[in-house]
Amino acid sequence: MLKQILIILISIFTLLSCSTPNDRIYIKFENDFKDSINRNNAETFEYTHFILYPQKSYFVNSKLKLLILQSSGEMCNSESYYLFSSKSDSILFTVSRTECFESPDRLKKETDTIYVTNFRNKTKEKYVNGVLVKNTKIENDDYTHDIISEIKINTEKKYSSR
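All residue numbers for the sequence shown refer to the working numbering, where the first residue is 48 and numbers rise by one.
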């Protein structure tokens with residue numbers, strides 16, 4: 048019995064040591080978004096507006112509450128989470144992670160950056176290798192982005208017409 052527990056503990060420590068500092072930061076934000084989905088009983092909707100940006104959409108009261116966009120290129124991957132206001136179409140919070148590699152074989156990361164924008168607090172943070180390297184105030188608390196707005200509008204239309 049003791050041997051099994053020891054093997055489990057060694058396995059856990061091995062897995063934890065494989066994660067990068069940014070993995071731990073990103074997982075925290077990812078879990079916050081998942082908690083929001085569960086708290087609001089959000090409904091998953093399968094639809095992708097732009098084929099190059101696979102998306103996951105979560106609806107509350109027929110409004111898009113959470114949008115996850117992913118993209119992947121030869122040298123970089125990115126994933127972005129957008130949390131929308133229930134009262135307006137504005138974005139409340141975004142988390143974006145971009146991982147770029149030294150070569151197309153993707154064996155070694157060159158950069159791993161997380162951007163966190165909180166429009167309620169009017170702050171933008173940048174994390175590199177698990178360290179907060181930049182924390183700035185933003186001017187506009189009612190953020191809209193043309194492409195994200197287009198994706199949101201079209202996803203809501205598609206959701207309503209199902």
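Note that the Cβ used here is the ideal one computed from N, Cα and C, for glycine as well. These figures come from a predicted structure and were not determined experimentally.
Per DSSP, what are the beta-bridge partners of V142 in this structure?
Paired residues: Y128 and V163.
Span of the beta strand (DSSP E) holding N78?
Looking at the DSSP string, N78 is not in any beta strand (DSSP E); the run it does join, the alpha helix (DSSP H), is P68 to R86.
Under 8 Å: do the segment 196-209 and the segment 94-108 share three or more Cβ pairs, one atom per stretch?
yes
Determine, using beta-carbon pairs with one atom in the segment 174-185 and one in the segment 76-89, whether at least three such pairs fall under 8 Å.
Below 8 Å, too few C-beta pairs join the segment 174-185 and the segment 76-89 to call them touching: fewer than three.
Check this for me: beta carbons of R144 and Y73, under 7 Å apart or not?
A Cβ-Cβ contact shorter than 7 Å links R144 with Y73.
How would you write the range of the beta strand (DSSP E) that S104 sits in, first residue to last?
Here the beta strand (DSSP E) through S104 covers Q102 to V107.
Helix, strand or coil: which one does DSSP assign to K205?
helix
Buried or exposed: which applies to F166, given that a residue is buried once 16 or more other Cβ atoms fall within 10 Å of its Cβ?
buried
Looking at the structure shown, is K173 part of a helix, part of a strand, or coil, going by DSSP?
Strand.
Got a sec? Which residues, its chain only, sit under 6 Å from T164 by beta carbon, not counting five neighbours each side?
T141 and K171
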